[in-house]
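A short write-up of the structure that comes next.
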Amino acid sequence: MRKITVLNIWLVISLMVSIFGFSYPLSAQPKNPSPVRQPLKIFISVDMEGIWGVVHGNQCSSDSPEYQAARKWMVEDVNAVIQGLFEAGATEVVVNDSHGSMRNIMASELDRRATLISGSPKPLSMMEGIDSSFQGCIFVGYHARAGSAPAILDHTISGAAVYAIKINGQEMPELGINAAIAGYFKVPVIMLTGDTETCRQAQEILGQELVTVPVKEAVGRLAAKNFPREKVLTDLKEGAKKALALAGSSRLFVLKAPCKFELEFHTSQQTELGLLIPGVRRVSPRALAFETGDYLEGFKLMRALISLASVS
Ligand SMILES: [Zn+2]
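In terms of our numbering, the sequence shown opens at residue 8 and continues consecutively.
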């Protein structure tokens, strides 16, 4: 009996391959590989005050007759962005309704290729749905921080409770607070839309290279010059295409831990219930502060303190 050696096995297999055209499973390659489409996922958070046409709180409140028109403008703005994204190669778009009740966008009116996260409360609020699988994050319809002028409906999270929010010493609009959540998941913010002052604040915090699309210019807190509708919708679509093309080189916005949160409220009373939470201290009659090693944990505690201020 002949001794079977590795060399013999190799020779037999080679012979079979040459006769029958067998190939080794490990080196199997399709003859005409179809191009693999890489997943290209984009997350969009949509607020309402920075939507084209919106200049007054009544337009953003569901109990006002003016609301129905504004929610249509809202879905038109975001659909223009979605259209640009898909035309530029996005494979998945997730839209998070981020204003008030978070039930402003009618699901049936959103671009049918996109996923809609609707309703509230949500653990990550305006950023619910983001995770590290996305390649970019877009803010649509955002507004300037409390204390900006002229800027349409400037406020930070709660106009009734919050005077200012500082994180690591920097006063933050919602766009900065939310960009840091995206950064936490290693997702860059690639585009923002809103009034001209909000666009300026976004570039100041996130970098001058950020793609911004101004849809209106405030002339007061409740009055604005709305740019021509046709041009705005084209700018939103083209802006999204440009943002996607630049996504690979976009900067991450990451706040270094430990993070110090300082919340200044309108009244001293609005700090009182928050003081019941361990680790939270009063740093002035109207302001609370706390530190955390985890930004997301800090974001959640900040939201809880604002909710407590609102019931005080
Ligand atoms: Zn809002």
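The C-beta atom is built at its ideal place from N, Cα and C for all residues, glycine as well.
What's the C-alpha gap between residue i and residue j?
| i | j | result |
| --- | --- | --- |
| F141 | N103 | 14 Å |
| I184 | G227 | 24 Å |
| W80 | S256 | 31 Å |
| E271 | E94 | 43 Å |
| I49 | I188 | 15 Å |
| S115 | G246 | 24 Å |
| I51 | G281 | 31 Å |
| A168 | I313 | 7 Å |
| R207 | Q215 | 9 Å |
| V147 | Y170 | 23 Å |
| S275 | A294 | 8 Å |
| G300 | Q75 | 43 Å |
| G60 | A250 | 23 Å |
| R119 | L303 | 31 Å |
| Q210 | A77 | 26 Å |
| H63 | E99 | 33 Å |
| S319 | C266 | 26 Å |
| Q277 | Q45 | 49 Å |
| G126 | M113 | 11 Å |
| V85 | V53 | 7 Å |
| A97 | S108 | 28 Å |
| A254 | L315 | 38 Å |
| F260 | V222 | 24 Å |
| A121 | P292 | 46 Å |
| L308 | L131 | 11 Å |
| E73 | L92 | 30 Å |
| D242 | E279 | 46 Å |
| I212 | D70 | 34 Å |
Helix, strand or coil, according to DSSP, for residue i in the structure here?
| i | result |
| --- | --- |
| V85 | helix |
| I11 | Interpretation of I11 is limited by its pLDDT of 45, a score under 50 that renders its predicted location unreliable; no figure is taken from the coordinates. |
| N233 | strand |
| E269 | strand |
| I137 | coil |
| E56 | coil |
| G255 | helix |
| L123 | strand |
| F260 | coil |
| Q177 | strand |
| D161 | coil |
| V62 | coil |
| V239 | helix |
| E94 | helix |
| K129 | coil |
| N185 | helix |
| E224 | strand |
| A114 | helix |
| A247 | helix |
| A171 | strand |
Ligand 1 and residue i: does any heavy atom of the ligand fall closer than 8 Å to the residue's C-beta?
| i | result |
| --- | --- |
| M55 | yes |
| C144 | no |
| G201 | no |
| H63 | no |
| S317 | no |
| S71 | no |
| G107 | yes |
| C67 | yes |
| H273 | no |
Would you say the beta carbon of residue i comes nearer than 8 Å to a heavy atom of ligand 2?
| i | result |
| --- | --- |
| C266 | The model on display carries ligand 1 but not ligand 2. |
Does residue i have its Cβ less than 9 Å from a Cβ in chain B?
| i | result |
| --- | --- |
| A254 | Checking the listed chains, one finds no chain B in this structure; it contains a single protein chain. |
Practice prompt. Taking only runs that begin and end inside the stretch 188-220, name each unbroken alpha helix (DSSP H) of 4 or more residues, in chain order.
Written response: 203-213
Worksheet item: What are the start and end residues of each continuous beta strand (DSSP E) run of 3 or more residues lying completely inside the stretch 282-318, in chain order?
Response: 288-291, 294-299
Worksheet item: Does the pairing of the stretch 227-238 with the stretch 172-191 give three or more beta-carbon distances under 8 Å?
Response: no
Worksheet item: Contact between the stretch 130-140 and the stretch 282-298: three or more CB pairs below 8 Å?
Response: no
Practice prompt. Check whether the stretch 55-72 touches the stretch 145-163, taking contact to mean three or more Cβ pairs, one atom from each stretch, closer than 8 Å.
Written response: yes
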